[in-house]
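Below is one structure, written out as structure tokens, with a few remarks after it.
Protein chains: 2
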Amino acid sequence: MTRVLVVDDEPQIVRALAINLRARGYEVCTARDGGEALQVAAARLPDVVILDLGLPRLDGIDVIGGLRGWTNMPILVLSGRSDSMHKVDALDAGADDYVTKPFGMDELMARLRAMLRRNTGAESTPAVEFGDVRVDLAATRVTVNGEEVRLTPTEWRLLEALVRHPGKLRSQRQLLTEVWGPGYETAQGNLRLYMAQLRRKLEVDPARPRFFLTDPGLGYRFQP
Amino acid sequence: MTRVLVVDDEPQIVRALAINLRARGYEVCTARDGGEALQVAAARLPDVVILDLGLPRLDGIDVIGGLRGWTNMPILVLSGRSDSMHKVDALDAGADDYVTKPFGMDELMARLRAMLRRNTGAESTPAVEFGDVRVDLAATRVTVNGEEVRLTPTEWRLLEALVRHPGKLRSQRQLLTEVWGPGYETAQGNLRLYMAQLRRKLEVDPARPRFFLTDPGLGYRFQP
DNA sequence: GAAGACTGTCAGGATCCCGTCAGGATGGAC
DNA sequence: GTCCATCCTGACGGGATCCTGACAGTCTTC
């Protein structure tokens, strides 16, 4: 889950942000001043920071500097000042975006999504693991016991269609249209063929599959 | 030098931006409408795009979509509309920042710096090494056993497209749009040709490549 | 117990894909 | 104009991939 650190000294703003963020599925942690912000950031390692510039004690610019000394997590600055000098200072100090109060919640959330989208491009690849098999969906790569296994395009599409819905039954019709495209709903012999191929390459005992199960008369199921 | 693509149909804004950008050491190229923007972006491969939303003919949102189909270069949107709906739409379509007109030049430049900083900072791989080959992405330079190897522009773009995603499969479609620009998705003979050229120049045994692997039916992969 | 439906397996040929080569087109340097 | 590098198109052979059809085994149903 994506974790957001909200730094502001006004409780009502913190509460409003937290409610909206949680409603959208983010995990929220908070800090009331600059010192606490640096502490919480180091302890909880949020994916993004929303930082009010008008903080007591420690100046907002210094908080940015304190964060940038050891991390490049995205920082979105909130501020009541709309003069460009403050914006330039904050951005050049290392902030990634600058929103002036009062702000629209929709816009703030959209800017947050934009920042996160840019950052997750380099994140670790999502992978599905079961038994000795590891399926790296982002890299389009399959390994068994660390050794790479070569899959043909059709085998890969079928594997993807199964693995993307763990535990769920996928009907023959669904699999056929997903792998071979619409119009191939009757080529069930094909499905059996490639299913066997997948099991031969990925199952320990292809005759008695543990992960790629058959629901007779219905379809197949990936059981991790 | 950092290259900026400015897209706007109002000449005075283009000129003002170009003057300010050049004064700060950027290289500037321009486009007057959406179609030209996509064309220039593919041909010149700018480091960042400044895009006016109020374009004739092709809608700004569609331009964002057209760019995001094959590149993730930063996009800064300019717009006369300040209502949050347009901001949200543009940001969710793939824009990285949204500035409403009239804008302060200082602020715009600061936002530009912030975007560029993020992009070059996350990169952190100015050079890639594998076997006897060293690819210097920053300097556009390739050496094998210390000796410089000359690459043509197309060869270089292909190498870059592969090397920037180590281990990941890159589909033929991805490579074609990234190297030749959108609209060249069917020129697969080309891809094979330049792939062979790259292997001939960089692989020890071009017939049995170790780093530039092919996944039949899917695409190619750089394996360091 | 028999019939039918369903699944897993095997083999064979058609098709597609990849690497390679040659040749023409384009554009810039001199 | 000539030379040169680069880019693109088309064609060919070898190999991998895909599809079709047939057969045996298993389970359900009558």
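Here the protein sequences line up with chains A and B, keeping their order. Residue 96 in the working numbering sits at position 96 of the first sequence, and the numbers go up by one each step. Residue 151 in the working numbering sits at position 151 of the second sequence, and the numbers go up by one each step. Think of the CB as a built atom: it goes at the ideal place given N, C-alpha and C, for glycine as much as any other residue.
{"Asked": "Sequence ranges, alpha helix (DSSP H) only - wholly within the region 109 to 164 of chain A, length at least 4", "Found": "153 to 163"}
{"Asked": "Exposure of residue 224 of chain A, with buried meaning 16 or more beta-carbon neighbours within 10 Å", "Found": "exposed"}
{"Asked": "Short Cβ contact (9 Å threshold) for residue 74 of chain B with residue 118 of chain B", "Found": "yes"}
{"Asked": "Length of the line joining the Cα atoms of residue 25 of chain A and residue 2 of chain A", "Found": "8 Å"}
{"Asked": "Counted within 10 angstroms of its Cβ, other Cβ atoms place residue 256 of chain B as buried (16 or more) or exposed", "Found": "Absent from the model: residue 256 of chain B. The displayed extent of chain B is 1 to 224, so no value can be given."}
{"Asked": "At least 3 beta-carbon pairs within less than 8 Å: the region 193 to 210 of chain A vs the region 138 to 158 of chain A", "Found": "yes"}
{"Asked": "Where the alpha helix (DSSP H) through residue 27 of chain A begins and ends", "Found": "Unbroken run through residue 27 of chain A is the beta strand (DSSP E), 27 to 31; no alpha helix (DSSP H)."}
{"Asked": "Residue burial classification, residue 86 of chain B (beta-carbon count within 10 angstroms, cutoff 16)", "Found": "buried"}
{"Asked": "Three or more C-beta pairs below 8 Å linking the region 207 to 221 of chain B and the region 167 to 187 of chain B", "Found": "yes"}
{"Asked": "Span of the alpha helix (DSSP H), counted from its first residue to its last, around residue 205 of chain A", "Found": "First-last for residue 205 of chain A: undefined, no H or E at that position."}
{"Asked": "Closest residue to residue 42 of chain B among B:212, B:5, B:189, B:131 (Cα-Cα distance)", "Found": "B:5"}
{"Asked": "Contact set between residue 169 of chain B and chain A, taken where Cβ atoms lie within less than 8 Å", "Found": "139, 140, 141"}
{"Asked": "Which listed residue (B:30, B:50, B:32, B:37) has its alpha carbon closest to that of residue 96 of chain B", "Found": "B:50"}
{"Asked": "Residue 97 of chain A Cβ short of 8 Å to the ligand GDP heavy atom set", "Found": "In the structure shown, the ligand GDP is absent, as is every other ligand, since no ligand is present at all."}
{"Asked": "Residue 132 of chain B, buried or exposed, once every other Cβ within 10 Å from all chains shown has been counted against 16", "Found": "exposed"}
{"Asked": "Terminal residues of the alpha helix (DSSP H) in which residue 65 of chain B lies", "Found": "60 to 68"}
{"Asked": "Neighbourhood of residue 9 of chain B by C-beta, 8 Å cutoff - its chain only, sequence neighbours within 5 removed", "Found": "32, 33, 52, 54, 55, 56"}
{"Asked": "Chain-ordered chain A contacts of residue 217 of chain B [CB-CB under 7 Å]", "Found": "152, 153"}
{"Asked": "Which residues DSSP lists as bridging residue 3 of chain B, in chain order", "Found": "B:27"}
{"Asked": "Residue-level contact to chain B via CB, residue 195 of chain A, 9 Å cutoff", "Found": "no"}
{"Asked": "Against chain B: residues of the region 40 to 55 of chain A by CB proximity under 7 Å", "Found": "none"}
{"Asked": "The region 80 to 94 of chain A: positions lying closer than 7 Å to chain B by Cβ", "Found": "84, 87, 88, 91, 92"}
{"Asked": "For residue 213 of chain A, the first and last residue of its enclosing beta strand (DSSP E)", "Found": "212 to 215"}
{"Asked": "C-beta atoms of residue 299 of chain B and residue 163 of chain B nearer than 9 Å", "Found": "This structure cannot settle anything about residue 299 of chain B, because the visible part of chain B is limited to 1 through 224."}
{"Asked": "Proximal chain B residues relative to residue 16 of chain A, where beta-carbon distance stays under 9 Å", "Found": "Those do not exist, as residue 16 of chain A stays about 16 Å from chain B at its closest Cβ, beyond 9 Å."}
{"Asked": "Reference residue 189 of chain B, options B:201, B:175, B:83, B:202, closest by Cα", "Found": "B:175"}
{"Asked": "Residue 170 of chain B in three-state terms, based on DSSP", "Found": "strand"}
{"Asked": "Chain B contact for residue 102 of chain A (CB, 9 Å cutoff)", "Found": "no"}
{"Asked": "Contact set between the region 107 to 136 of chain A and chain B, restricted to residues whose Cβ is under 7 Å from the partner", "Found": "107, 110, 111, 113, 114, 118, 121, 122"}
{"Asked": "Nearest-angstrom Cα separation, counted from residue 77 of chain A out to residue 19 of chain A", "Found": "19 Å"}
{"Asked": "Cα-Cα separation, residue 89 of chain A to residue 71 of chain B", "Found": "30 Å"}
{"Asked": "Partners in chain B for residue 97 of chain A, counting only beta-carbon separations shorter than 7 Å", "Found": "97"}
{"Asked": "Residue nearest to residue 81 of chain A in terms of C-alpha spacing, selected from A:93, A:63, A:66, A:102", "Found": "A:102"}
{"Asked": "Outcome for residue 215 of chain B when other beta-carbon atoms lying within 10 angstroms are tallied against a minimum of 16", "Found": "buried"}
{"Asked": "Residues near residue 201 of chain A in its chain [Cβ-Cβ closer than 6 Å; skip 5 each side]", "Found": "149"}
{"Asked": "Cutoff 9 Å: residue 224 of chain B Cβ touching any chain A Cβ", "Found": "no"}
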